[in-house]
Amino acid sequence: MELAGYISSEVNRLNSIVSRFLDFARPHELEKHPAEIVPLVDKALQAARDRWPDSKVVVERHYTDGLGPIALDEELCERVFVNLVMNAYESMAAEGGKLQVSIRPDQSRGRRGVEVRIEDSGPGIPAEQREQIFNPFFTTKKSGVGLGLSIVSKIVDDHRGAIRVESEPGKGACFRVFFPAE
């Protein structure tokens, strides 16, 4: 009976890995509609709280009022925020920490839009890894396959947005995601 449980969990794990490969390989068909970004970010924060209900992570929200809707594929953008928030929680899981989430109007390359900033107080990302984290199959996790951030980057690119990371080892990481208002 114990062996059957182990086999079942391994099949589920492999199914998840195959699904992520397919998500990466398959081109995304964007279904953009005017949508508010705040509820998408809040869903990602709720998903992390649900996954780590006893976490010692303190969340601070800094949202600018009256941003208005932006043309987004809500499902894909929610996936972006879930991935970034889950990574932040995971980086702070052992000791806890602070997660600051900011949403504000911004400009990038002369385009108006909205920036979502997800900043954690975890261990940070070494400089040599910052160059690689958006590459497919790069991971530092024992159970990861290295597709999460590459999928995030692809979704942001498909929206003609931008994503960048700032980090100092020992001082956390900050992911800045820009979506243009078209």
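The sequence shown maps to residues -15 to 166 in our numbering.
In this text, a Cβ means the ideal position worked out from N, Cα and C, and glycines have one as well.
Here S151 is buried, its C-beta having at least 16 other C-beta atoms within 10 Å. Separation of the CB atoms of L83 and V140 is rounded to 20 Å, and the pair is thereby denied contact status at 8 Å. In the pairwise beta carbon analysis, the segment 103 to 116 is classified as not touching the segment 19 to 32: fewer than three pairs are separated by under 8 Å. Nearest Cα to R93 within the set I147, N67, T123, I21: I147. Per DSSP, reduced to three states, the secondary structure at D104 is strand. Residue environment analysis places V(-5) among the exposed positions, since fewer than 16 neighbouring C-beta atoms fall within 10 angstroms of its C-beta.
In the DSSP assignment, R148 falls within the beta strand (DSSP E) that extends over 146 to 151.
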